[in-house]
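In the working numbering, the protein residues as written are 1 to 495.
Yeah, the Cβ is synthetic: ideal placement off N, Cα and C, and Gly gets one too.
Here the structure is a predicted model, which is why all the values come from computation and not from measurement.
Each remark here refers to the structure printed beneath this line.
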C-alpha cells in the first residue's frame with residue numbers, strides 16, 4: 001500500500017496556507033480511496049499506476065496548425081509541478097479538497113506534484129492571481145523544489161499568466177489548460193478529437209499574444225523596392241495571421257462536428273423509432289460510471305482509476321428481467337468548473353443525456369464532498385436539458401464509503417441506490433429500479449395488421465403489451481398497450 005500524507009499550515013495573519021504532500025502517487029482524495037495491493041484492482045480491471053505512468057503521453061496540447069510555429073500551445077511537459085490556489089469562500093477543507101482535485105488532474109496529465117500553496121483572499125489578484133507576497137513565496141518554493149511548472153486552480157487572464165511567470169520564472173498554466181490537455185490525451189474517436197481541438201483553439205484564441213513568441217511583421221509586398229502595382233502595404237502582424245488561421249480552422253471543425261452530429265442523431269432517432277428506451281449514465285469524473293456500465297452489460301469499456309478515462313460516448317443494449325430492451329449510454333465525466341469551451345464543444349455529445357428517458361447519476365460515496373460533485377454535475381446537465389429527466393442517484397464505492405455518508409445521501413435523495421461496482425453489491429437492486437423507471441406502454445390501441453406486415457406484429461410483442469390477439473381473414477387483429485410515440489406507425493391500421 002502506498003501511504004500519502006497531507007498537511008496544511010494556515011497562517012492566520014496572512015490568511016494563507018501552504019499545502020504539502022499532495023504527491024502524484026494518488027488520484028483519490030483519501031488514502032483509502034485508492035488502495036493497490038498485489039493481485040487486487042480497485043473498482044474494475046484497471047491499470048496499475050506504474051503501467052499507467054509508462055503509457056502516459058507527455059507531448060502536451062497540440063493542434064493541427066503545424067505551420068503556426070509560434071502557436072504550438074506551449075507543449076505541457078508536466079513533470080515537476082507546484083500548485084497554487086486562491087481560497088475565496090468556504091472552509092479550509094473546501095480549499096484543500098479543490099487543491100487535491102487539481103493534484104489528481106495534474107497526475108492524470110503525467111506530472112509529479114511537489115507542493116502547493118493556498119492564499120486566503122476575497123478575490124484573486126488582478127495582476128498576478130496571488131498577492132505580491134504569496135507570489136514571491138511561490139517563487140521560492142519553485143526554486144527550492146526544482147519545479148518547472150506552476151498550475152493555478154482557476155482560469156487565468158492572459159495578463160495574469162504572463163505577470164506570474166515573470167515572478168516565478170517558470171511556465172505557468174491554469175486549470176482550464178490542464179483539463180484541455182487531459183482531454184486531448186484521452187480523445188480516441190474522430191469526433192472526440194475534433195471537439196477537443198475546437199475547445200483548445202477557443203481557449204487559445206484570446207491568448208495568442210502570450211503564447212506566441214514572434215511579434216515581427218511580415219512584409220505584404222516589396223514596397224521599399226517599388227515593386228508591384230497596387231502592392232498590399234506593410235502586411236499584418238504574425239498574431240493577426242495566426243488569428244485568421246485559427247478562425248478558419250475553428251470554422252472547419254464546427255462543420256465537421258455538425259456533420260458527425262447528424263450521423264449520431266440518425267442513429268439515436270433510429271433507436272427511438274424502434275421504441276427502445278434509453279438510460280444515460282452520467283456523473284463526476286472517476287465516480288465509476290464505466291465500471292457500472294460493465295457490471296450491467298459486460299460491455300468491456302475501458303476502466304481506469306484515472307480522471308476523464310472515458311470521453312467518447314459508449315452505447316450498449318441491455319434487458320430488464322421481464323425482457324424489455326433498453327440502451328445504456330456512458331458519457332464523459334464532469335468536474336467542478338468544467339471549462340465552458342469543453343461544454344460548448346461537447347454539447348452534441350452531452351445531448352445524448354438530454355434525449356434519454358432515465359438518468360443514472362453516479363456519485364462517488366467515498367469522496368469527501370459528494371454533495372459538491374452532485375451539484376457540479378447537475379449544473380452541466382441543466383445546460384443540455386438533462387435536469388428534467390427521471391434521475392436515479394447511484395451511490396457507488398459503498399465498500400469503502402463511510403456509513404454515515406451513505407446514510408446522509410440516501411436521506412437527501414429519495415430515488416437513490418447504494419452499490420459497489422467493484423464487488424457487485426447493490427447491482428441487482430439497481431437493475432430493478434431501472435426497470436421500474438423505464439417508460440411503460442400506456443396507450444391502448446386496436447389494430448388490424450395485414451399479414452404482409454408481420455414486422456409490426458413482432459414489434460408489438462417486443463415493445464408493447466398484447467392484451468388480445470386474433471387471426472382473421474384480412475389480417476391479425478390486435479388489442480395492445482403501446483408507447484405513445486408508436487401511434488404514428490400504427491395509425492393506418494387502427495380500427
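When you compare the segment 425-440 with the segment 405-413, are there three or more beta-carbon pairs, one atom per stretch, that lie closer than 8 Å?
no
Roughly how many angstroms lie between the CA atoms of residue 333 and residue 145, to the nearest whole one?
Their backbone Cα atoms lie some 33 Å apart in a straight line.
Rounding to the nearest angstrom, what Cα-Cα distance links residue 479 and residue 417 in this structure?
36 Å
Pick out whichever of 290, 255, 279, 205 has its Cα sitting closest to the Cα of residue 245.
Distance from the Cα of residue 245 is smallest, within the candidate group 290, 255, 279, 205, for 205.
Identify every residue that forms a DSSP beta bridge with residue 80.
Listed as beta-bridge partners of residue 80 by DSSP are 112.
Ends of the alpha helix (DSSP H) at residue 127?
No alpha helix (DSSP H) contains residue 127, which DSSP labels as neither H nor E.
Just list the residues that DSSP pairs residue 465 with in beta bridges.
481
What residues in its chain sit with their C-beta under 8 Å from that of residue 496, if we drop five residues either side in the sequence?
Within the shown structure, residues of the chain are numbered from 1 to 495, placing residue 496 beyond reach of any answer.
Are the CB atoms of residue 381 and residue 395 within a distance shorter than 8 Å?
no
Tell me which residues share the same chain as residue 86 and place their Cβ nearer than 6 Å to its Cβ, disregarding the 5 neighbours each side in the sequence.
Same-chain partners within the cutoff: 119, 121, 124.
Can you tell me whether residue 188 is buried or exposed? The criterion is at least 16 other CB atoms within 10 Å of its CB, across all chains shown.
exposed
Spatial neighbours of residue 131 within its chain, please: CB distance less than 7 Å, with the 5 preceding and 5 following residues excluded, ordered by chain position.
119, 121, 125
In the DSSP assignment, find the alpha helix (DSSP H) that holds residue 519 and state where it starts and stops.
Outside the modelled stretch of the chain, which goes from 1 to 495, sits residue 519, for which no answer is possible.
DSSP-derived helix/strand/coil call for residue 413
coil
Let me know if residue 158 comes out buried or exposed under the rule of 16 or more other beta-carbons within 10 Å of its beta-carbon.
Exposed: under 16 other Cβ atoms inside 10 Å.
Could you pull the DSSP bridge partners for residue 171 from this structure?
149
Please go through the same chain and pick out, in chain order, the residues whose beta-carbon is closer than 6 Å to the beta-carbon of residue 3, but skip the five residues on each side of it.
Reliability fails at residue 3, whose pLDDT of 35 lies under 50, so the model's placement of it is uncertain and the value that follows must be treated cautiously. Once the five neighbours on either side are set aside, residue 3 has no close Cβ partner at all.
Could you have a look at residue 242 and say whether DSSP puts it in helix, strand or coil?
Helix, per DSSP.
Does the Cβ of residue 445 lie closer than 7 Å to at least one heavy atom of the ligand GTP?
The ligand GTP is absent from the structure shown, which contains no ligand whatsoever.
Straight-line CA distance for residue 481 to residue 335?
Going from the Cα of residue 481 to the Cα of residue 335 covers about 42 Å.
Please classify residue 333: does DSSP put it in a helix, a strand, or coil?
Coil at residue 333, not helix or strand.
Outcome for residue 451 when other beta-carbon atoms lying within 10 angstroms are tallied against a minimum of 16
exposed
Alpha helix (DSSP H) containing residue 343: first to last residue?
340-345
What's the gap between the Cα of residue 207 and the Cα of residue 190?
26 Å
Ordered along the chain, which non-local residues of its own chain (more than five positions away) have a Cβ less than 7 Å from that of residue 201?
63, 246, 249, 250
Alpha carbon to alpha carbon, what distance is there between residue 401 and residue 365?
5 Å
What are the partner residues of residue 284, as DSSP defines its beta bridges?
According to DSSP, residue 284 bridges with 334.
DSSP-derived helix/strand/coil call for residue 181
helix
Consult DSSP for residue 137 and reduce its assignment to one of helix, strand or coil.
helix
Can you find the residues in the same chain that come closer than 7 Å, C-beta to C-beta, to residue 497, ignoring five residues on each side of it along the sequence?
This structure does not reach residue 497, given that the chain is present from 1 up to 495, and the question cannot be answered.
Return the CA-CA distance between residue 392 and residue 102, expressed in angstroms with no decimal places.
28 Å
Give me the DSSP bridge partner(s) of residue 359.
Beta-bridge analysis with DSSP links residue 359 to 280, 391.
Report all residues from its chain with a CB closer than 7 Å to the CB of residue 493; omit the five preceding and five following residues, and keep chain order.
447, 448, 449
In angstroms with no decimal places, state the Cα-to-Cα distance between residue 140 and residue 167.
The alpha-carbon separation between residue 140 and residue 167 amounts to approximately 10 Å.
Considering only their Cβ atoms, is the gap separating residue 108 from residue 182 smaller than 8 Å?
Yes, they are a contact pair.
Looking at the strands, I want to know which residues DSSP matches up with residue 396.
364
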